[in-house]
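So for the sequence shown, the working numbering puts the first residue at -15; every next one is plus one.
Don't be surprised by glycine CBs; every beta carbon is placed ideally from N, CA and C.
For clarity, every value in this text was computed on a predicted model and none was experimentally measured.
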Amino acid sequence: MKAFFTGLSALTHPAAWSAIALLLLNDHVFKRYFPSALTGKISDFAGLLFFPLLLSALIGLLEKRPRRAAVWGFALTGLVFAALKLSPPVASWASAALGRLLGANVWITPDPTDLSALVMLIPAGLLWRGAPDRHFNPRVGYAALVIGALSSVATSPCPTPMLITRLAQTDSLIYAGGAGGTIYQSIDGGLTWTNSELVPEAQQAVLQTAAELPLMACEHANPLRCYRIGVKDLAVEFSADGGEIWRLDWHIPAGRLTFMNRSRSGILACEREVIGGPYDLLIDPQGAVVVAMGNEGVLVGSAGSWQRIAVGRTSGPTPFREDIFDAPFVVLWEVLASILAAYIFWIGLTFWAGRQATLGKGGGWFFALWWGLLFAFLFVVYLFFDATLMNQVEPLLVFGLFGLAVLLIPPITWWLASRKVTRPGAFRRAGISAFGWSLVFLLALGVPFVAWAMGFPPYYWLAVLIALGPGIWVGQKGARSVARQVRESMMLRSVVEGSSPVE
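Below you can see the structure in the form of C-alpha cells.
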C-alpha cells in the first residue's frame, strides 16, 4: 500500500488540487462562455498534472513499490494521450467506447499540437517524488482521488443539442440544419452527410426559417404518391391517391419510445429524451424522401421502406432495442433491485430455517454470528479511515472480505444449523434448495426487464406485470418448498422426543 498512499499524498499537494479545480472550471465555465484555442489547451495541461498521480495511486493498489507504480502510471498516461492526439481511428474508437460505457456523448478530437501538454509530466513527477516526505490528511487524499477521477471522466460540458429541423435542396445537394448551428450536406439523397462550408444564400434563408406544419409533398414522377408530416407525432403518413386517404407509413414501434428515452438517460448523457418531430419533409429530384427528425437525424426512403440516418455527431438514431449484452445496462437499476430482492429472499429463508433448527436450544447464535461479522466489518472500515492505522489495512482486503461474507454466511448458517437436527443431510439439501429458489426468484424478477430492453415485451408496464406475477408465485412456491423440506428434516427428532413437528 506504500505506492497507493504516496499517490494520495501527491494528490493533496496544492498544485494537484489547483489542477483539478482549473480543469473543472475550464471545462464547465471557460469553454462554454469564452471558447478559444486557449481553453482547448488548458484542460490538457491541467489534466496531465494530476492524472498520472491518480493513475499511479490506483496502480499502487496492486504494485506496492512507489517507483514501479509511477513508471507504469506515467508511461500509460503519456502513451495513451499521444495515441489519442495522433491517431484519428484511436480517438474515434475511444470516444465510442467511453460513450457506450458512460451512456453519454463523448468526443476526443485528435490534435498533434496538444502533445505540448506532455511537458506537465515533469512537474507531476516532482510531486510524486516529494510525496513520501509530506505529512498529509488521508481523508483529503481520498477526496482528491474521487474528485480527480470524476473530473477526468466528466470533463466536457454538454454541447448544444443538434436538432435537424429544416431541409433545403439544390439540383445536386440536400442541406440539413437546425438547432446547433452546423449545416450539413448530402450528395446521395440523404444517406450520408458531411459538414457544409458554403451554402447558397437561397438555401441559407430556407434553413433559417421553420417549416409550417402539417406539411405534404408528392413525388415528381408520380404526383399521386404523397407524404405528410405534422399530423401525428414521430410518424410519417403516405397517400397513394394524391392525399384523399392517408395511412401511417412509418412510426416508432409501440412502446419503444419509453425505451429510447431510457437508453438516452445515461448518468452523463447530454440528451435525455427523443425530440423527433418530424419537423420538415422534402423529395429530391431523384425521388428520395427525406424527413427531418430532430435529434434522431433524418428519415430517408419511400413508402414501406425507410432508413434512419445519423446527421452530425450529436443526433440519433436511437435504437429501438438492445442486444443481450447491452440490455442489462439499460435496466441496470431494475437488475440491481432484483439481485437485492433475491438476496433478501435467500437470507430470509436462511434465518427462518436456522431459527427452526435451534428452537429451544440456544437459538439465535447464528444471528450473533451474522451481526458480529457485520459489525467487525464496520469496525475495520473505521480503522481503514483512521489516519493512524491506514497503513495496516488493505482496502481490497476489507471489501473482499465483506463480499465473501455476504456470499458465505448463508451457507455457513445452513451447515451449522444442520447440526441441530436429526437429519442433517436433508436439512442441508433444503439449504441448497433455498439457494436454487433464490436464483429462480432473481431470474423471475430481472429477466422481464432485460427482455423489455431487447424488444419484447414492448411496453415497460407489461414487463413490470410479468416480473411481479411470476416473482410472487416463485417466492411463495420456493418458501413453501423449503419450509416443507426443513420440517421433514426435523420430523424424526420430533417423534423421538415425543412432540409434534415444529411449526
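{"Asked": "Exposed or buried, what is A30 when buried is set at 16 or more other beta-carbons lying within 10 Å of its beta-carbon?", "Found": "buried"}
{"Asked": "Would you call the CB atoms of W445 and F243 closer than 9 Å?", "Found": "no"}
{"Asked": "Excluding five sequence neighbours on each side, which residues of the same chain lie with their C-beta closer than 8 Å to the C-beta of V480?", "Found": "Because V480 sits at a pLDDT of 43, beneath the cut-off of 50, its placement in the model cannot be relied upon, and the point is left open."}
{"Asked": "Check this for me: beta carbons of L129 and A67, under 9 Å apart or not?", "Found": "no"}
{"Asked": "Out of curiosity, what's the CA-to-CA distance linking S286 and L265?", "Found": "12 Å"}
{"Asked": "Taking P301 as the reference, which of L175, S136, P454 has the closest Cα?", "Found": "L175"}
{"Asked": "What three-state label does DSSP hand S484 in the structure shown?", "Found": "Note that S484 scores 44 on pLDDT, short of 50, meaning its location in the model is unreliable and no value can be drawn from it."}
{"Asked": "Taking the beta strand (DSSP E) that I244 belongs to, which residues open and close that run?", "Found": "For the sequence presented, residue 244 should be read as Met rather than Ile. Run containing M244: none in the beta strand (DSSP E); it sits in the alpha helix (DSSP H), 240 to 247."}
{"Asked": "L289: buried (16+ other C-beta within 10 angstroms of its C-beta) or exposed?", "Found": "Going by the sequence as given, residue 289 is Ser instead of Leu. It counts as exposed."}
{"Asked": "Please classify W77 as buried or exposed, where buried requires at least 16 other C-beta atoms within 10 Å of its C-beta.", "Found": "exposed"}
{"Asked": "Return the residue from the list S249, F361, G260 that minimises the CA-CA distance to W317.", "Found": "S249"}
{"Asked": "Along the alpha helix (DSSP H) that carries Y443, what are the first and last residues, could you check?", "Found": "Looking at the DSSP string, Y443 is not in any alpha helix (DSSP H), and its letter there is neither H nor E."}
{"Asked": "Mapping the DSSP letters down to three states, classify A205 as helix, strand or coil.", "Found": "coil"}
{"Asked": "Is it right to say S100 is buried, meaning 16 or more other beta carbons lie within 10 angstroms of its own, or is it exposed?", "Found": "exposed"}
{"Asked": "For P96, does the count of other Cβ atoms within 10 angstroms reach 16, so buried, or fall short, so exposed?", "Found": "exposed"}
{"Asked": "Flag this pair as yes or no: are the beta carbons of W230 and R212 separated by less than 9 Å?", "Found": "yes"}
{"Asked": "What residue range is occupied by the uninterrupted alpha helix (DSSP H) comprising E185?", "Found": "185 to 191"}
{"Asked": "Quick one, which of L151, P207, C202 has its alpha-carbon nearest Q187's?", "Found": "L151"}
{"Asked": "Excluding the 5 residues flanking T178 on each side, which residues of the same chain have their C-beta closer than 7 Å to its C-beta?", "Found": "Y168, Q169"}
{"Asked": "What separation, rounded to the nearest whole angstrom, lies between the Cα atoms of G281 and P262?", "Found": "10 Å"}
{"Asked": "Just reading off the alpha helix (DSSP H) that V319 is part of, what are its end residues?", "Found": "316 to 341"}
{"Asked": "DSSP three-state label for V479, please.", "Found": "Low per-residue confidence applies at V479: pLDDT is 44, beneath 50, and the placement is therefore not dependable, though the value from the model is reported in the following sentence. Reduced to three states, the DSSP call for V479 is helix."}
{"Asked": "Need the endpoints of the alpha helix (DSSP H) that R150 sits in, please.", "Found": "R150 -> not in any alpha helix (DSSP H); beta strand (DSSP E) instead, spanning 147 to 153."}
{"Asked": "Indicate the three-state DSSP secondary structure (helix, strand or coil) for Y263 in the structure shown.", "Found": "coil"}
{"Asked": "In the DSSP output, what is N179 paired with across the bridge?", "Found": "Y168"}
{"Asked": "Since F(-12) contacts L45 with CB under 8 Å, what's their CB separation in whole angstroms?", "Found": "5 Å"}
{"Asked": "Could you spell out where the alpha helix (DSSP H) holding F14 opens and where it closes?", "Found": "Counting along the chain, F14 falls outside any alpha helix (DSSP H), and DSSP gives it neither H nor E."}
{"Asked": "Measure the Cβ-Cβ separation of I131 and I43 and say whether it is below 9 Å.", "Found": "no"}
{"Asked": "How is the alpha helix (DSSP H) around S(-7) delimited, first residue to last?", "Found": "-14 to -5"}
{"Asked": "I need the straight-line Cα distance from G482 to G462, nearest angstrom please.", "Found": "Its pLDDT being 46, under 50, G482 is placed unreliably in this model, and the value from its coordinates should be taken loosely. Spanning the two alpha carbons is a distance of roughly 29 Å."}
{"Asked": "Check this for me: beta carbons of W421 and G338, under 9 Å apart or not?", "Found": "no"}
{"Asked": "Report the rounded CA-to-CA distance for T342 versus L429, giving the unit in angstroms.", "Found": "32 Å"}
{"Asked": "Using only alpha-carbon positions, find the residue among F309, S135, V466 that is nearest to N10.", "Found": "S135"}
{"Asked": "Within 10 angstroms of its Cβ, does D28 collect 16 or more other Cβ (buried), or is it exposed?", "Found": "buried"}
{"Asked": "Check whether the Cβ atoms of P116 and P72 lie closer than 9 Å to each other.", "Found": "no"}
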